[in-house]
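What follows is one structure encoded as structure tokens, with my remarks underneath.
There are 2 protein chains.
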Amino acid sequence: MLHAVIMAGGSGTRFWPASRRDRPKQLLDLVSGAPLLRLTFERLVGLVPPERVWVVTNQTTAIACRKVLPEVPDGNILAEPVGRNTAACVGLAAHAVGAGDDDAVCLVLPADHLIGDEELFRSAMSAGAEAVARDGGLLTFGIQPDRPETGYGYLEIGDVGTRIGRWPIRRLEAFVEKPDLERAQEYLENGRYLWNAGIFAWRARDLLAEMERQLPDLAAGLSRIGKALSGPDAAAVLAEVYPSLLSTSVDFGIMEGAERCWVVPVDFPWSDVGSWQALADKLPTDDQGNATRGRTAAVDAAGNVLVTTGPVVAVAGVNNLVVVATPDAVLVVPKDQAQRVKDVVDRLHELGWDDVL
Amino acid sequence: MLHAVIMAGGSGTRFWPASRRDRPKQLLDLVSGAPLLRLTFERLVGLVPPERVWVVTNQTTAIACRKVLPEVPDGNILAEPVGRNTAACVGLAAHAVGAGDDDAVCLVLPADHLIGDEELFRSAMSAGAEAVARDGGLLTFGIQPDRPETGYGYLEIGDVGTRIGRWPIRRLEAFVEKPDLERAQEYLENGRYLWNAGIFAWRARDLLAEMERQLPDLAAGLSRIGKALSGPDAAAVLAEVYPSLLSTSVDFGIMEGAERCWVVPVDFPWSDVGSWQALADKLPTDDQGNATRGRTAAVDAAGNVLVTTGPVVAVAGVNNLVVVATPDAVLVVPKDQAQRVKDVVDRLHELGWDDVL
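So the sequence lines, in the order shown, correspond to chains X and U. Add 53 to a position in the first sequence, counting from 1, and you land on the number used in my numbering. Add 53 to a position in the second sequence, counting from 1, and you land on the number used in my numbering.
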């Protein structure tokens, strides 16, 4: 049966001051009136029922995740004691999912992306899941690039193995690290390179078999956890074993060396909403091209991102800035330097102002 | 006897969002831990006792003024029903002050200036008051310019009439409207032009006599109010007559045409703190030259004015901006366009967001 595994363990700082240690991006209502995690869940309606939706998160946010997804059984919300990258995360989920379902197929989805055409999305997911249910192997979905993006990893695609409906299931040749601009331009023109969005499909047992073959120590640790998961010692074993697990990504730790890997090229509108700048495209704009959310006012000011969950934000005579306000913190940074929010967070930590982090 | 008349009727918007309709600049604690009005009062200690300090303000802020100056008798806080410029204001004060004191001398002081050397200030004020007590006439104090400022009016000075201590009492030749930059540069080099700071000294009866001679209607209206001031109808007469008074400045309405006018050139550090930009000089600066007040943090950011009375303000990669935060409003504007706060306030009013004005 098809299960969805939502990876919700992120604790990034790129959306400070909206995001906080106990309110990471996936719990933020950035665009639409609902947290990104909630949107990810609702996107699955008709494809996977709530009782087969699983969430892997951390202990700080597990309770918040339960509140955001009341339809999902409490036992389906798995809290990592510490983050151990995506290989351990999907391995943990495979044990949880596979425990009651030998033929379990996992769709693995980041909790904090935005997707535009949800029907197309479900069609692609369904095709990918069907492919691995029938033929095995590890499958990833590749996003058609529309710009020479240097902030993502790429997937190099090979021949078409088979088709399901409108979707070709292609061989995956290689994972490619984030390129420089020149190479990204080549990838864009070449057509054989897709963005790696971190969306996967596999049978739980196929993933675990690959893990055992390539990363036996990780597999053994996860197996110990898996055996204890439904018993009374689950929390204790998790707390003991999980921190000792190898920290590696599913892409490079498992799929890069796997025997059979597939990629489904997909063309639904997709964004990982990686920064305040990236969010700008998803917000309504005023007549001067300012992307706005909340009570904001701009006088002779263009191209800004103005977001508030608290105070009125008013700007005059400034362009291409990000201005974000919450009841207890305000950020101002040029739009093309939006990644510097990390430096700001570091500085606030140095100052001892952890109350706003 | 010497009285001080503090003009505290201002309702400007130049310090929004710190200033509000019911909390104008003179009630703000902009630099030192006390409202500017309080600093103005404390600057007079040793020169004028609290029972001879008078405040002319408006009905919105009269109660706040009383709270800021508990030492001043309630009856000394005069509330204009509407603003009628400075001629009416000083005339009202002259009636109030002169009612119990035929030889009353008024020192007239704006409530919202900053002055650096208070001992020197008191020495100059004392000399000016002594001059008019002895010789009559209307006297103003002129600030030695240190830059070609186009934002102030100027005083053209004449010959020295007399001296009191270190202070020459000079003839006042003319009031000069705000000049353009070229002319301001000439004034700076010429040496016979001083900034008009709106600080005055005169005997109450001399002011009222000049007013009667030059502006008989205004004088008559004020006289009606003056007669009623200590009686039970004071508020009613004030409310009836004051709105009908001529609105003109003391400089151009009275002093420009007066028979004997003096100016005392003064060299104490002075600022009218006319904008967020002007405030920058009065605040502590960090090692990147950001003027700061409250919890603020700057990463690779220089020359900004960062002020908060509420949220933490954090900036990165921006220069020469004004960023001001309060619990319910945030302003971002380039430092050299600080005067645009007025446009912002207009815009917020258009949007109907008067709750933050």
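Note that beta-carbon positions come from the ideal geometry of N, C-alpha and C, so glycine has one too.
Cα-Cα separation between residue i and residue j, rounded to whole angstroms
i, j, result
"L374/U", "D82/U", "21 Å"
"V303/U", "V143/U", "8 Å"
"E403/U", "L167/U", "33 Å"
"Y205/X", "R348/U", "36 Å"
"A287/U", "I278/U", "7 Å"
"L208/X", "L247/X", "5 Å"
"Q341/U", "V326/U", "22 Å"
"V385/U", "D320/U", "34 Å"
"E242/U", "W220/U", "22 Å"
"V213/U", "L225/U", "10 Å"
"R91/U", "M60/U", "12 Å"
"D389/U", "A177/U", "33 Å"
"P285/U", "L291/U", "11 Å"
"D156/U", "N129/U", "18 Å"
"P322/U", "L332/U", "14 Å"
"R137/U", "L401/X", "49 Å"
"L131/U", "A147/U", "12 Å"
"R313/X", "E172/X", "28 Å"
"F253/U", "V161/U", "5 Å"
"D407/X", "I222/X", "48 Å"
"R245/U", "P201/U", "13 Å"
"R175/U", "A250/U", "15 Å"
"D165/X", "P337/U", "42 Å"
"G99/X", "G356/U", "56 Å"
Proximal residues of chain X, C-beta to C-beta of residue i below 9 Å
i, result
"L145/U", "The contacting residues do not exist; L145/U stays about 36 Å from chain X at best."
"D154/U", "Here the premise fails: no neighbours, minimum Cβ distance about 48 Å."
Burial state of residue i, where buried means 16 or more other Cβ atoms lie within 10 Å
i, result
"K231/U", "exposed"
"P88/X", "buried"
"D259/U", "buried"
"S179/U", "buried"
"S297/U", "exposed"
"E104/U", "exposed"
"R393/U", "buried"
"S85/X", "exposed"
"Q112/X", "exposed"
"S328/U", "buried"
"T215/X", "exposed"
"S283/U", "exposed"
"G218/X", "exposed"
"E133/U", "buried"
"T193/X", "buried"
"I307/X", "buried"
"G363/X", "buried"
CB-CB length for residue i against residue j, believed under 8 Å
i, j, result
"V135/X", "V58/X", "The Cβ separation is near 19 Å, so there is no contact."
"T114/U", "V398/U", "Not confirmed; about 17 Å, so no contact."
"L410/U", "R74/U", "6 Å"
"R256/X", "A186/X", "7 Å"
"D396/X", "A378/U", "Their Cβ separation, rounded to whole angstroms, is 20 Å, which puts D396/X and A378/U out of contact at 8 Å."
"D106/U", "V121/U", "Per the sequence shown, residue 106/U should be read as Val rather than Asp. Actually they are not in contact, since the Cβ atoms of V106/U and V121/U sit about 12 Å apart, beyond 8 Å."
"L191/U", "A311/U", "5 Å"
"L18/U", "V376/U", "The structure shown does not extend to residue 18/U, since chain U is modelled only from 54 to 410, so the question has no answer here."
"A367/X", "V383/U", "7 Å"
Contact set between residue i and chain U, taken where Cβ atoms lie within less than 9 Å
i, result
"T379/X", "P364"
"W329/X", "Neighbours of W329/X on chain U: none; closest Cβ ~12 Å, over 9 Å."
"V358/X", "Simply none; closest approach about 12 Å."
"V409/X", "R348, P364, V365, A367"
Contacts that residue i makes with chain X (C-beta to C-beta distance below 8 Å)
i, result
"V383/U", "T361, P364, V365, V366, A367, V376, A378, V383"
"L401/U", "A350, V365, A367"
"V213/U", "By Cβ distance, chain X contributes nothing, its closest Cβ being about 46 Å from V213/U, past 8 Å."
Within chain U, the residues that residue i reaches when beta carbons sit closer than 7 Å
i, result
"Q390/X", "A369, G370"
"R393/X", "V352, A369, G370"
"D396/X", "V352, A369"
"P387/X", "G370, V371"
Residues that residue i contacts on chain U, provided the C-beta gap is smaller than 8 Å
i, result
"L336/X", "The premise fails here: L336/X is roughly 18 Å from chain U at the closest Cβ pair, so nothing lies under 8 Å."
Interface residues of chain X facing residue i [CB-CB closer than 7 Å]
i, result
"L81/U", "Residues of chain X passing the Cβ test: none, with the nearest at roughly 18 Å."
"L404/U", "A350"
Item to check | Ranges of the beta strand (DSSP E) found wholly within the segment 88-115 of chain U, counting only runs of at least 3 | outcome: Considered as a whole, the segment 88-115 of chain U harbours 106-111 as its complete beta strand (DSSP E) runs of no fewer than 3 residues, in chain order.
Item to check | Ranges of the beta strand (DSSP E) found wholly within the segment 161-241 of chain X, counting only runs of at least 3 | outcome: Secondary structure remark: continuous beta strand (DSSP E) runs of at least 3 residues inside the segment 161-241 of chain X, in chain order: 191-196, 207-217, 220-229.
Next on the checklist: Runs of 3 residues minimum, wholly inside the segment 242-321 of chain X: which ones carry the beta strand (DSSP E) assignment?
Outcome noted: Taking only runs of at least 3 residues, the beta strand (DSSP E) segments lying wholly in the segment 242-321 of chain X are 246-256, 314-319.
Item to check | Every unbroken alpha helix (DSSP H) inside the segment 324-376 of chain X [4 residues or more] | outcome: As far as the segment 324-376 of chain X is concerned, its whole alpha helix (DSSP H) runs of at least 4 residues are 329-333.
Checklist entry - Which full runs of the beta strand (DSSP E) of 3+ residues lie inside the segment 121-151 of chain U, going along the chain? => result Correct list: 130-133.
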